[in-house]
Amino acid sequence: MNRINQWMESVSLRFTSSFHPLVQCDMGKNKAGPAEDITLKIKVTEPQTSVGLLVIDKSINWLGKRNDITEDAVSFFFFFLLQECIGLDRNMDDDQSVSHEYSPTLHDSDLHVRKNFPETWLWQEIMTRSTETTINVTVPDTITSWVASAFIISENLGLGVMKIPIELEVFQPFFVSLNLPPSVIRGEQFILEVNIFNYLKESTEVTVTLDMSDSFEIFIISNDINATGNQHTVWIPSEDGKTIFFPIKPKQIGEIPIRVTAISSIASDAILQRLLVKAEGLEQTYSETVLLDLSKRTNLMETLNFNFPSDVVPGSERVQVTVTGDKLSSSISGLESLVQMPYGCGEQNMITFAPNIYILDYLSKTGNLQTQFKSKVVSYMREGYQRELLYKRPDGSFSAFGNRDPSGSTWLSAFVLRSFFQAQLYIDIDPYVMERTAAWILSHQKFNGEFEEPGRVLHTELQGGTSDSVSRTAYILTTLLEFNEIDKPIKKALGFLEFQLNNIVLDNHTLALVTYALSLAKSTAAKGALNKLNERSEQQGELRFWTSPSSGLSSSWQPHSADIEVAGYALLSHFIQQRLLEAIPIMKWLSKQRNHLGGYSSTQDCSFFSGTFATLTADSVTEMDVTVNGSMEENSTVFHIDQENRFVLKAKEFPAAQPVRITISANGRGFAIFQLNVIYNVKNSHTSKRRSRSVQNQEAFDLDVYIKDDQKDINSLTLNVCTRYLGTGSSLKTGMALMEIGLLSGFSLSPSFVSLVDPVKKVEKEEGKIHLYLDSLNETQFCVDIPAVRDFKVVNTQDASVTVMDYYEPRRRTVKSYNSLVMQSLSSCSFCEDDECNFCKTDGSLSVCLSSELLVLLVLSTFYVVV
């Protein structure tokens, strides 16, 4: 196995621990105002040096997202905004001005509206032509400190890393900040908190105005004659702050603007932020793909139809069509969001790592690999490589959860070895890692050529059953074939597979994998294996496919994940054996199974299918006009596809009609992919402990969600989630399962949550959601408590949902909606204490919903009364 070292190229970099004098970075000042233009100077010891520059918001470090480029850990302390600003004000010289001053007659149109609030200000590579480089930049609008760090790479000087980052404090002594949730659901109300800070030497009266918009309403629960809803006047002492509350109810789905202006006689500020408003209910997607094959004819016509269900949420419907002249373009265009599930264990990490290799291979072969896109994909691969090393065990093997598993997995180790070997064309791979992994795999080959599995494979299609050892050996053989020097183990594995092919009955998935392995190895048994596989296929018009026995635990329109893999292996086998005409019906069927992102329902399908089509590099000439008509469109939309633009994904939104009817007409020659994507929400199903629909036919899991809440504590609650698998027969447990817990608007996971309790192997958090990766689920009920705490004041909370799914077979899933009666019954005034909410000063009069139209009428009526 030492020969592996001969196949690899290595790059040695000399690491320089001292930041100076290799590179210096200077912003010209250590304090600046929002939107101020400054010059950033970079000095290096020698020209033609590559400088990596990162400037991020200091508060991100405080939150634990350490992204600064340093050799040693740099500790940052982020104080409460009020404390930090007071300190800055007291340390400023009398003649130093870092803010904009305004006169009493300042017009609103003269204000600089602060709206640029990135977490990362600069993240770029700079190639210096001389020893000094300057770049002109504009300071973002965030009142914060920005931390700049850098590293250099030079042929002569090696790698130098900044030890101590530099900082730029952005401040103005009079400013407004908004505290609003990242998203809410239509139908909910939230209290917008507007904080006004005055660190000037004078006290001042400030008029705070929330700009009215057609996208939201303001609620007034008051009979105070001075309560105008969108405007408040407050007195703010010197070096102090005040908070104003606006109860808001969004009316439209999508991003809505929230613009607030604070004007006084001595200073002013304006701020604009956007709030995402989601549709209520549960999101559903449907996609239908058509392979436009004009290789044997010059025109064709297709009609696609879709009916929205009766419980669709009004306003949530979206209809989109995409057209591309390349089989992989839609997948490549959606690379960043191809798989909606987050990264997880060692298996899933590799399944999202592998498609990057195939896509780069494909674009390289077709001459369409753009430098910027390549850099992005390579950065993903480097991150995936480093992440996978976390799951490497001391003996060189890999497992789903690394050292937390009792043993490494031969299947996963083979997957890692093959992927790393292929990835070395694009990123640096440690040859010693590959050498030890290969040696460990070979140590688990039996005398008859079979490979043992001492570990546990979470991919359920590769475990259990009489053909388990056969599929595992076939899979490992496909990896070993990459290494021609490993001759004896390859022959032993090949002999084992040829014997098993003739002596036992293999299921479709195993037969397809064995056929592919035999085809790669140029075995004389490969042709007969493919014939046997084709005999089991189903034919439907121009489509050829294979089906697996259904468990009856899914109502998804998408096929079984294993069926995708069988078709993919069959397609590759036809290609290797030069049986191309027989492959076209399989390719057409695979094309029709894509989801709305251009990929497939599960991560391994995306990985495998990308590799399949990357191998089948298209060399046909495409020159085609695709005409699309929608049921509510008067004019046709024509997409022209030729050799120059065939890799460009063309898309258009169509009005959502009931029913959806899309007519496609194609003329020309070559191949193209047309896809209809329908996205919509359905109303939540309110049931007691279990859904009313048939568990036997559709539900894969029993799922209960209980809410522990208390009227005396409106700022916290606990979800008790219990689930078990409902599989029967040979399918008594899942592989890895994923529990996705959506939180009610305004809530986040409590820091007191204890995560890693068996079978929970990993926890990931994102905005409003928690993902629990479970080792497996069976008929024994598993329960977990999810404590949540309030971050934002949201009332009339809409339902959230909990989803449990088989990770490698997402069709097996159960979704349960839930809500809290306590949180639903709250009003905006439930959060008010003493006199802090002007809109709640009432003697029992009815609340008023103040829209932009009502505001105009209110102002006019007041005017006429005065006159």
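Throughout the sequence shown, residue numbering follows the working numbering, covering 348 to 1214 in sequence.
Just so you know, even glycine gets a beta-carbon here, dropped at the ideal spot from N, CA and C.
Being a predicted model, the structure only gives us computed values, none of them experimental.
(1) Measure how close the beta-carbons of A876 and V861 come, nearest whole angstrom, since I'm counting them as under 8 Å.
(2) Here's the rule: buried if 16 or more other CB atoms are within 10 angstroms of the residue's CB, otherwise exposed. What is Q990?
(3) Using only the alpha-carbon positions, how far apart do L844 and T825 sit?
(4) In chain order, what residues of the same chain have a beta carbon less than 7 Å from the beta carbon of P1106, not counting five sequence neighbours either side?
(5) Go ahead and pull the three-state DSSP assignment for R1016.
(6) Rounded C-beta distance between T1150 and E1087? I'm assuming under 8 Å.
(7) Using a Cβ-Cβ distance under 8 Å, would N976 count as near chain C?
(8) Below 8 Å on the Cβ atoms is my guess for S1092 versus I532; work out the distance and round it to an integer in Å.
(9) Over what stretch of residues does the beta strand (DSSP E) that includes T1161 continue unbroken?
(10) Would L937 pass as a contact of A909 if the rule is Cβ separation under 8 Å?
(11) When you compare each of I1054, V508 and G749 to A497 by their alpha carbons, which one comes out closest?
(12) Report buried or exposed for M1152, applying the criterion of at least 16 other Cβ atoms within 10 angstroms of its Cβ.
(13) Helix, strand or coil for N526? Go by DSSP, reduced to three states.
(14) Bridge partners for H579 per DSSP, in chain order?
(15) What residue does the alpha helix (DSSP H) around Y709 start on, and which one ends it?
(16) Between the alpha carbons of T392 and I500, how many angstroms are there, rounded?
(17) Where does H921 land, buried or exposed, given buried means 16+ other C-beta within 10 angstroms?
(18) How would you call E735, buried or exposed, if buried means at least 16 neighbouring beta carbons within 10 angstroms?
(19) Indicate the three-state DSSP secondary structure (helix, strand or coil) for V1149 in the structure shown.
(20) Short check: CB of E630 to CB of N1028, under 8 Å?
(21) Going by DSSP in three states, F464 sits in which element: helix, strand or coil?
(22) Grouping DSSP H, G and I as helix and E and B as strand, with all else coil, what is I833?
(23) Secondary structure at R883, three-state DSSP: helix, strand or coil?
(24) Tell me the residue span of the alpha helix (DSSP H) that contains R1137.
(25) Helix, strand or coil for I923, going by three-state DSSP, please let me know.
(26) Are the CB atoms of F798 and R783 nearer to each other than 8 Å?
(27) Looking at the strands, I want to know which residues DSSP matches up with Q771.
(28) Is it buried or exposed, Y1053, if we count other Cβ atoms within 10 angstroms and call 16 or more buried?
(29) What separation, rounded to the nearest whole angstrom, lies between the Cα atoms of Q1058 and V1169?
(30) Could you give the distance in angstroms between the alpha-carbon of D658 and the alpha-carbon of T650?
(31) Give the single residue among V637, W468, E479 and I403 whose Cα lies nearest to the Cα of S397.
(32) Are there 16 or more other CB atoms within 10 angstroms of the CB of Q792, so buried, or fewer, so exposed?
(33) For the region 993–1002 against the region 605–614, are there 3 or more C-beta pairs whose distance is under 8 Å?
(34) Need the endpoints of the beta strand (DSSP E) that S973 sits in, please.
(35) For L860, name the three-state secondary structure that DSSP assigns.
(36) Could you pull the start and end residues of the beta strand (DSSP E) that W493 belongs to?
Reading off the structure:
(1) Here residue 876 refers to the residue found at position 529 when the sequence shown is read from its first residue. Here residue 861 refers to the residue found at position 514 when the sequence shown is read from its first residue. About 6 Å separates the two Cβ atoms, so the contact holds.
(2) If you number the sequence shown from 1, residue 990 lands on position 643. Exposed, by the Cβ-count rule.
(3) Residue mapping note: residue 844 aligns to position 497 of the sequence shown, counting from 1. Residue mapping note: residue 825 aligns to position 478 of the sequence shown, counting from 1. Taking the straight line joining both Cα atoms gives about 12 Å.
(4) Along the sequence shown, read from residue 1 onward, the residue named residue 1106 stands at position 759. If we look at P1106 and ignore the five residues flanking it on each side, its Cβ neighbours are L1121, D1122, S1123 and F1129.
(5) Translated into the one-based positions of the sequence shown, residue 1016 becomes position 669. It is a strand residue.
(6) In the sequence shown, the residue the question calls residue 1150 occupies position 803. In the sequence shown, the residue the question calls residue 1087 occupies position 740. Between E1087 and T1150 the Cβ distance is about 4 Å, and since that is below 8 Å, they are a contact.
(7) Protein chain content of the structure displayed is limited to a single chain, and chain C is not contained in it.
(8) By one-based count along the sequence shown, residue 1092 stands at place 745. By one-based count along the sequence shown, residue 532 stands at place 185. Between I532 and S1092 the Cβ distance is about 6 Å, and since that is below 8 Å, they are a contact.
(9) Your numbering for residue 1161 matches position 814 in the sequence shown. Per DSSP, T1161 belongs to the beta strand (DSSP E) from E1156 to Y1165.
(10) The residue you call residue 937 lines up with position 590 of the sequence shown. The residue you call residue 909 lines up with position 562 of the sequence shown. Going by C-beta atoms, L937 is not nearer than 8 Å to A909.
(11) By one-based count along the sequence shown, residue 497 stands at place 150. Taking only the C-alpha atoms, the option nearest A497 is V508.
(12) Within the sequence shown, residue 1152 is the residue found at index 805, counting from 1. M1152 comes out buried.
(13) On the sequence shown, position 179 is the one that residue 526 refers to. Looking at N526 - three-state DSSP - the assignment turns out to be strand.
(14) In the sequence shown, the residue the question calls residue 579 occupies position 232. Its beta-bridge partners are V555.
(15) Taking the sequence shown and counting its residues from 1, one reaches residue 709 at position 362. Here the alpha helix (DSSP H) through Y709 covers G693 to K712.
(16) The residue given as residue 392 occupies position 45 in the sequence shown. The residue given as residue 500 occupies position 153 in the sequence shown. C-alpha separation (whole angstroms): 12 Å.
(17) The residue given as residue 921 occupies position 574 in the sequence shown. Buried, because 16 or more other Cβ atoms sit within 10 Å of the Cβ of H921.
(18) Indexing the sequence shown from 1 puts residue 735 at position 388. Classification of E735: buried, given that the 10 Å Cβ count is 16 or more.
(19) Here residue 1149 corresponds to residue number 802 of the sequence shown, with the count starting at 1. In this structure, V1149 counts as strand in the three-state DSSP scheme.
(20) Within the sequence shown, the letter at position 283 stands for residue 630. Within the sequence shown, the letter at position 681 stands for residue 1028. A contact, by the Cβ cut-off of 8 Å.
(21) Taking the sequence shown and counting its residues from 1, one reaches residue 464 at position 117. Here F464 sits in coil by DSSP.
(22) Within the sequence shown, the letter at position 486 stands for residue 833. DSSP places I833 in coil when its eight states are reduced to three.
(23) Residue numbering aside, residue 883 sits at position 536 when the sequence shown is read from its first letter. Three-state result, R883: coil.
(24) In the sequence shown, counting from the first residue as 1, residue 1137 sits at position 790. Per DSSP, R1137 belongs to no alpha helix (DSSP H); it is in the beta strand (DSSP E), F1129 to R1137.
(25) Residue mapping note: residue 923 aligns to position 576 of the sequence shown, counting from 1. Looking at I923 - three-state DSSP - the assignment turns out to be helix.
(26) By 1-based counting over the sequence shown, the position of residue 798 is 451. By 1-based counting over the sequence shown, the position of residue 783 is 436. No; because the gap between Cβ atoms is not below 8 Å, this pair is not in contact.
(27) Numbered from 1 along the sequence shown, position 424 holds the residue referred to as residue 771. DSSP output for Q771 lists no bridge partner at all.
(28) Here residue 1053 is taken as the residue at index 706 of the sequence shown, counted from 1. The residue is exposed, with fewer than 16 neighbouring Cβ atoms inside 10 Å.
(29) Walking along the sequence shown from the start, residue 1058 turns up at place 711. Walking along the sequence shown from the start, residue 1169 turns up at place 822. If I take the Cα positions, the gap works out to 6 Å.
(30) For the purposes of this step, residue 658 is identified with residue 311 of the sequence shown, where counting begins at 1. For the purposes of this step, residue 650 is identified with residue 303 of the sequence shown, where counting begins at 1. When rounded, the distance between both Cα atoms is 25 Å.
(31) Here the question's residue 397 lines up with position 50 in the sequence shown. For S397, the nearest C-alpha among the options comes from E479.
(32) Locating residue 792 in the sequence shown gives position 445, counting from the first residue. Buried: at least 16 other Cβ atoms inside 10 Å.
(33) no
(34) In the sequence shown, residue 973 corresponds to position 626, counting from 1. Before going further, note that residue 973 is Val rather than Ser in the sequence given. Unbroken beta strand (DSSP E) run through V973: E970 to G977.
(35) Position 513 of the sequence shown holds residue 860. Three-state result, L860: helix.
(36) Taking the first residue of the sequence shown as position 1, residue 493 is located at position 146. Unbroken beta strand (DSSP E) run through W493: T491 to S501.
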